[in-house]
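Colleague: Each residue of the first sequence is one higher than the one before, starting from 0 at the first, in numbering that gives the first Met the number 0. Think of the CB as a built atom: it goes at the ideal place given N, C-alpha and C, for glycine as much as any other residue.
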Amino acid sequence: MKLLSEDFFLQDAVDVARQLLGCVISYDGCSGVIVETEAYKNDAASHAFRRTARSEIMFLTSGCWYIYFVYGMYHCMNITTNGIGQPGAVLIRALQPLEGIDIMKKRRKTDDVYNLLSGPGKVCDAFGVDKKLNGTTVHGVMRVFEGKLQHDIIALPRVGIRVATELPWRFCVKDNKFVSRL
DNA sequence: TTAATGATGGGCT
DNA sequence: GCCCATCATTAAA
Numbered sequence: 000m001k002l003l004s005e006d007f008f009l010q011d012a013v014d015v016a017r018q019l020l021g022c023v024i025s026y027d028g029c030s031g032v033i034v035e036t037e038a039y040k041n042d043a044a045s046h047a048f049r050r051t052a053r054s055e056i057m058f059l060t061s062g063c064w065y066i067y068f069v070y071g072m073y074h075c076m077n078i079t080t081n082g083i084g085q086p087g088a089v090l091i092r093a094l095q096p097l098e099g100i101d102i103m104k105k106r107r108k109t110d111d112v113y114n115l116l117s118g119p120g121k122v123c124d125a126f127g128v129d130k131k132l133n134g135t136t137v138h139g140v141m142r143v144f145e146g147k148l149q150h151d152i153i154a155l156p157r158v159g160i161r162v163a164t165e166l167p168w169r170f171c172v173k174d175n176k177f178v179s180r181l
């Protein structure tokens, strides 16, 4: 498989989010096909709406992992986009499991493959990822490979936000059973 | 089946 | 002190 180039992530977050569907994330023996993403940039729902210590990585990098801790017990993984100085990131919301299914079942405490990677918190839990990888590049220990998508893509409002809910910046593989919800 | 709620702690005003 | 880019469990219908 071919690694996605650094230039790929210089594109706008919305374009990257769409094109990431079908690509493969691989980390420490676990991998999966991306089936659901969300784009965040300068909008009111984005952490980058205000420049803070946490969101600064989105202003300073492109093609790096932005991993944050949320709701007291979960992590979410994103990839920074839009180039240097232009904040943006794509949240990885769900994948279809490929490798490491046994260890992911153990970490997730379930045998249901449809419950392994169907949500941003679940993805980090199953992969064993936390803030230690924040700021590392997509050419580092956790990588993203090109994929061919043979299904349609649907655009929907983003999940779990209170503002900017009208923007259809959530992208899912149509009719895929591994997305976090319909 | 869907809807409401509790868990749990870092980030930010 | 309030707000979360969530999820598992419980309650209701």
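(1) Take aspartate 129 and list the residues in its own chain whose beta-carbon comes closer than 8 Å to its own, dropping the five residues that flank it on each side.
(2) Taking C-alpha atoms, which residue in Glu35, Val23 and Leu155 lies nearest to asparagine 175?
(3) In angstroms with no decimal places, state the Cα-to-Cα distance between arginine 107 and glycine 28.
(4) Return the CA-CA distance between threonine 109 and threonine 79, expressed in angstroms with no decimal places.
(5) Whether or not the segment 82-89 and the segment 157-167 are in contact is what I'm after, with contact meaning three or more pairs of Cβ atoms, one per stretch, closer than 8 Å; do they touch?
(6) Classify glutamine 95 as helix, strand or coil using the three-state DSSP reduction.
(7) Quick one: residues in its chain with C-beta nearer than 7 Å to the C-beta of alanine 12, no 5 flanking neighbours on either side, listed in chain order?
(8) Taking just the CA atoms, how far does arginine 17 sit from phenylalanine 7?
Modeller: Result, derived from the coordinates:
(1) Position 130 of the first sequence, counted from the start, is the residue given in the question as residue 129. So the list reads Ile66, Phe68, His74 and Cys123, once near-sequence residues are dropped.
(2) As a position in the first sequence, residue 175 is number 176, starting the count at 1. That would be Glu35, whose Cα lies nearest to the Cα of asparagine 175.
(3) As a first step, residue 107 is located in the first sequence; it is residue number 108 there, counting from the start. As a first step, residue 28 is located in the first sequence; it is residue number 29 there, counting from the start. When rounded, the distance between both Cα atoms is 16 Å.
(4) Looking up residue 109 in the first sequence gives position 110. Looking up residue 79 in the first sequence gives position 80. Taking the straight line joining both Cα atoms gives about 31 Å.
(5) Segment contact: the segment 157-167 against the segment 82-89, fewer than three CB-CB distances shorter than 8 Å; contact not assigned.
(6) Within the first sequence, residue 95 is the residue found at index 96, counting from 1. Glutamine 95 carries a strand assignment under DSSP once its states are collapsed to helix, strand and coil.
(7) Translated into the one-based positions of the first sequence, residue 12 becomes position 13. For alanine 12, where only same-chain residues beyond five positions count, the Cβ hits under 7 Å are Ala38, Tyr39, Lys40, Thr80, Asn81, Gly87, Ala88 and Val89.
(8) Position 8 of the first sequence, counted from the start, is the residue given in the question as residue 7. Position 18 of the first sequence, counted from the start, is the residue given in the question as residue 17. So the alpha carbons of these two residues sit roughly 12 Å apart.
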